[in-house]
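Student:
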Amino acid sequence: MKYILNRDYAKELIKWAYAQNEGPWFKHSLNVAKATENILMELNNNGYELDVDLGYNAALLHDIGRYKGFTKSVIHSYDGYTYFEELGFQGNAIVCVTHSFPNKNKQIEIAADWSLVPEHMKIKLVEVLDNNSTYDIYNKVITLCDALADSEGFTTLENRLVSVGLRHGTNSHTSLHWKGFYTIKNELEGLLDKSIYKLLPGVEDSIYTKVGY
Ligand SMILES: [Fe+2]
13 MKYILNRDYA KELIKWAYAQ NEGPWFKHSL NVAKATENIL MELNNNGYEL
63 DVDLGYNAAL LHDIGRYKGF TKSVIHSYDG YTYFEELGFQ GNAIVCVTHS
113 FPNKNKQIEI AADWSLVPEH MKIKLVEVLD NNSTYDIYNK VITLCDALAD
163 SEGFTTLENR LVSVGLRHGT NSHTSLHWKG FYTIKNELEG LLDKSIYKLL
213 PGVEDSIYTK VGY
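Quick note: to get the numbering used here, add 12 to the position in the sequence shown (first position is 1).
(1) Name the DSSP bridge partner or partners of residue 166?
(2) Give the straight-line distance between the Cα atoms of residue 35 and residue 87, rounded to the nearest whole angstrom.
(3) Going along the chain, which residues of its own chain have a beta-carbon closer than 6 angstroms to the beta-carbon of residue 139, five neighbours each way excluded?
(4) Going by DSSP, what residue range makes up the alpha helix (DSSP H) through residue 26?
(5) Is residue 107 near ligand 1, judged by its Cβ being under 7 angstroms from some heavy atom?
(6) Is the CB-CB distance between residue 203 and residue 55 below 8 angstroms?
(7) Taking residue 88 as part of the alpha helix (DSSP H), name the residues at either end of that continuous run.
(8) Is it the case that the Cβ atoms of residue 154 and residue 111 are separated by a distance below 8 angstroms?
(9) Verify whether the separation of the beta carbon atoms of residue 114 and residue 193 is less than 8 angstroms.
(10) Please go through the same chain and pick out, in chain order, the residues whose beta-carbon is closer than 8 angstroms to the beta-carbon of residue 101, but skip the five residues on each side of it.
(11) Is any heavy atom of ligand 1 found at a distance shorter than 7 angstroms from the C-beta of residue 40?
(12) Are the Cβ atoms of residue 91 and residue 80 separated by less than 8 angstroms?
(13) Identify every run of the alpha helix (DSSP H) within the segment 35-95, keeping only runs that are complete inside it and at least 4 residues long; order them along the chain.
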């Protein structure tokens with residue numbers, strides 16, 4: 013599985029994408045990458061041998077599909093996937109998809125606005141998610157960190173999920189979607205033997221920010 017390992021190259025790509033479509037997603041991406049780096053380094057302190065540069069870059073670029081402009085639902089995941097597939101980085105392509113599906117390959121249709129996704133995109137997304145090797149530890153860490161960082165900094169899972177819910181709405185599947193994040197959080201905290209929040213400096217400030225804006 014080929015990933016981008018060079019940080020300078022990853023920064024070049026994110027800057028290019030930001031120039032196509034400026035928005036808070038850029039700072040969010042930087043913070044997701046920082047959170048991912050902190051968690052991977054701690055996992056390594058606990059005996060794992062993970063490539064921190066690989067994870068940092070994949071987290072930095074997980075939303076690169078935003079270069080196409082604002083798109084509803086998981087279409088930015090599809091756009092990111094095809095972008096990296098063409099560049100030959102299959103590992104990065106998969107991360108663009110998995111972060112939108114915390115429930116692994118189950119209950120794909122609970123992703124936001126799945127019904128609005130064109131059929132050819134659905135087929136590709138399902139194909140990626142059906143592959144059992146898709147959800148390795150890098151994908152899990154990045155999926156969780158996507159929900160622990162906004163454009164301002166680190167935040168609690170509760171704050172982030174409610175904030176997204178208030179902005180984009182919720183449906184009858186929302187609690188299952190949320191549960192996917194808590195399942196990953198519990199699994200990673202088991203591996204780390206500590207709260208994930210211990211690795212996110214300043215996360216406590218997020219309780220003072222306004223939610224839903
Ligand atoms: Fe994101």
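All C-beta atoms in this analysis are idealised placements derived from N, C-alpha and C, irrespective of residue type, glycine included.
Model, not experiment: these values are computed from the prediction.
Tutor: Quick answer:
(1) Within the sequence shown, numbered from 1, the residue matching residue 166 stands at position 154. For residue 166, which the question treats as bridged, DSSP gives the partners 161.
(2) As a first step, residue 35 is located in the sequence shown; it is residue number 23 there, counting from the start. As a first step, residue 87 is located in the sequence shown; it is residue number 75 there, counting from the start. Between residue 35 and residue 87, the C-alpha separation is close to 17 angstroms.
(3) Locating residue 139 in the sequence shown gives position 127, where the first residue counts as 1. Cβ neighbours of residue 139 beyond the five flanking positions: none.
(4) Counting from 1 along the sequence shown, the entry for residue 26 is found at position 14. Start and end: 19-32.
(5) The residue labelled residue 107 in the question sits at position 95 within the sequence shown. Answer for residue 107: no, Cβ out of range of ligand 1.
(6) Walking along the sequence shown from the start, residue 203 turns up at place 191. Walking along the sequence shown from the start, residue 55 turns up at place 43. Contact flag set, yes.
(7) Walking along the sequence shown from the start, residue 88 turns up at place 76. Residues 87-99.
(8) In the sequence shown, the residue the question calls residue 154 occupies position 142. In the sequence shown, the residue the question calls residue 111 occupies position 99. A distance below 8 angstroms separates the beta carbons of residue 154 and residue 111.
(9) Taking the sequence shown and counting its residues from 1, one reaches residue 114 at position 102. Taking the sequence shown and counting its residues from 1, one reaches residue 193 at position 181. Yes; because the gap between Cβ atoms is below 8 angstroms, this pair is in contact.
(10) Along the sequence shown, read from residue 1 onward, the residue named residue 101 stands at position 89. Closer than 8 angstroms at the Cβ level, and outside the excluded window around residue 101, lie 14, 15, 16.
(11) Position 28 of the sequence shown holds residue 40. Yes, since a heavy atom of ligand 1 falls inside the 7 angstroms radius drawn around the Cβ of residue 40.
(12) Walking along the sequence shown from the start, residue 91 turns up at place 79. Walking along the sequence shown from the start, residue 80 turns up at place 68. Yes. Within cutoff.
(13) 37-57, 64-72
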